[in-house]
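The numbers in UniProt numbering rise by one with no breaks, and the one at position 108 of the sequence shown is 108. The structure under discussion appears below in the form of structure tokens.
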Amino acid sequence: MELYKKILFKLFKILPITAGVAIVIGCIVLLFLNDKPTQLTEKEFIDKAIENHISSFAEYDNTFVMDLDSGKRYAHEFKSYEQASVFKDLIMEKFGTISTGSSYYETDYNQYYLGVIGGTICVAFSILLFYVTVVLWFVSLFDLLKSEFIENHNKWMWLICLLLLPFISPLFYAFIASKQKRPVNLAQQNLK
Numbered sequence: 001m002e003l004y005k006k007i008l009f010k011l012f013k014i015l016p017i018t019a020g021v022a023i024v025i026g027c028i029v030l031l032f033l034n035d036k037p038t039q040l041t042e043k044e045f046i047d048k049a050i051e052n053h054i055s056s057f058a059e060y061d062n063t064f065v066m067d068l069d070s071g072k073r074y075a076h077e078f079k080s081y082e083q084a085s086v087f088k089d090l091i092m093e094k095f096g097t098i099s100t101g102s103s104y105y106e107t108d109y110n111q112y113y114l115g116v117i118g119g120t121i122c123v124a125f126s127i128l129l130f131y132v133t134v135v136l137w138f139v140s141l142f143d144l145l146k147s148e149f150i151e152n153h154n155k156w157m158w159l160i161c162l163l164l165l166p167f168i169s170p171l172f173y174a175f176i177a178s179k180q181k182r183p184v185n186l187a188q189q190n191l192k
């Protein structure tokens with residue numbers, strides 16, 4: 001049982017480090033996979049809009065996002081409401097119309113952060129699930145097969161429990177089975 005406890009505690013020491021590394025890697029991957037618009041300066045943004053004849057924008061607060069036909073997305077956050085109004089007037093004057101909607105950019109922005117949080121939780125949970133179901137299950141099975149119990153039916157009950165409930169039984173086995181096992185000295189005395 002001592003070997004089992006040593007392995008169990010080493011796994012719980014490694015788990016936060018492994019989960020932390022996986023979370024950082026997952027966040028980096030999510031940052032690169034998410035299609036966030038390229039931030040431009042005010043002059044670059046206005047020039048791109050006029051050059052590509054864009055009159056429909058997604059607007060969220062003072063941030064405007066435009067989608068080009070090539071699939072590229074550009075954004076600019078104006079410093080004040082007045083600057084945003086000047087931009088709208090300029091586009092209206094140039095093209096005769098302007099279309100702004102808020103739900104598109106806001107939804108995209110919220111989904112980005114919810115994706116990072118959800119991805120982080122999924123990665124951490126999957127690592128924990130792997131440790132509990134695979135690693136601890138095999139360690140529990142090994143310890144169960146080499147141990148002697150005070151009552152023989154306890155060994156069979158733990159074996160059935162390990163086979164039927166692989167998610168939670170290794171943790172129960174670690175804390176409950178030590179009370180049901182025969183002490184090492186008594187087991188050696190009975191063999192003599």
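Every residue gets a Cβ at the ideal spot worked out from N, C-alpha and C, and that includes glycine. Quantities reported herein were computed from a predicted structural model and do not represent experimental measurements.
Residue i versus residue j: straight-line alpha-carbon distance, rounded
i: L144; j: K10; result: 19 Å
i: V123; j: P37; result: 26 Å
i: T18; j: V24; result: 10 Å
i: N152; j: F130; result: 30 Å
i: L159; j: K72; result: 58 Å
i: P166; j: F78; result: 56 Å
i: Y173; j: M157; result: 11 Å
i: V135; j: I176; result: 18 Å
i: I121; j: L128; result: 11 Å
i: A58; j: Q83; result: 16 Å
i: L164; j: T133; result: 12 Å
i: F125; j: L68; result: 39 Å
Residue nearest to residue i in terms of C-alpha spacing, selected from the options
i: I54; options: E82, D61, N62, M92; result: M92
i: D47; options: F138, T120, M66, D61; result: M66
i: F95; options: I50, Y173, F142, N154; result: I50
i: K155; options: I121, K179, L136; result: K179
i: W137; options: A75, P170, A22, S126; result: P170
Bounding residues of the alpha helix (DSSP H) (the contiguous stretch that carries residue i)
i: Y81; result: 81-95
i: E42; result: 42-51
i: F57; result: F57 -> not in any alpha helix (DSSP H); beta strand (DSSP E) instead, spanning 56-60.
i: F142; result: 136-146
i: K155; result: 152-164
Cβ separation of residue i and residue j, assumed to be a contact under 8 Å, to the nearest whole Å
i: L162; j: S147; result: Going by Cβ atoms, the distance from L162 to S147 rounds to 13 Å, so no, they are not a contact pair.
i: S56; j: S99; result: 4 Å
i: Y81; j: N62; result: 6 Å
i: F149; j: K181; result: 6 Å
Distance cut-off 8 Å: residue i Cβ against heavy atoms of the ligand MG
i: K179; result: As presented, the structure is devoid of all ligands, the ligand MG included, so that no description of it is given.
Start-to-end residues for the beta strand (DSSP E) that takes in residue i
i: T63; result: 63-67
i: E77; result: 73-77
Exercise. Flag this pair as touching only if the region 35-54 and the region 80-93 have three or more C-beta atom pairs under 8 Å; answer yes or no.
Key: yes
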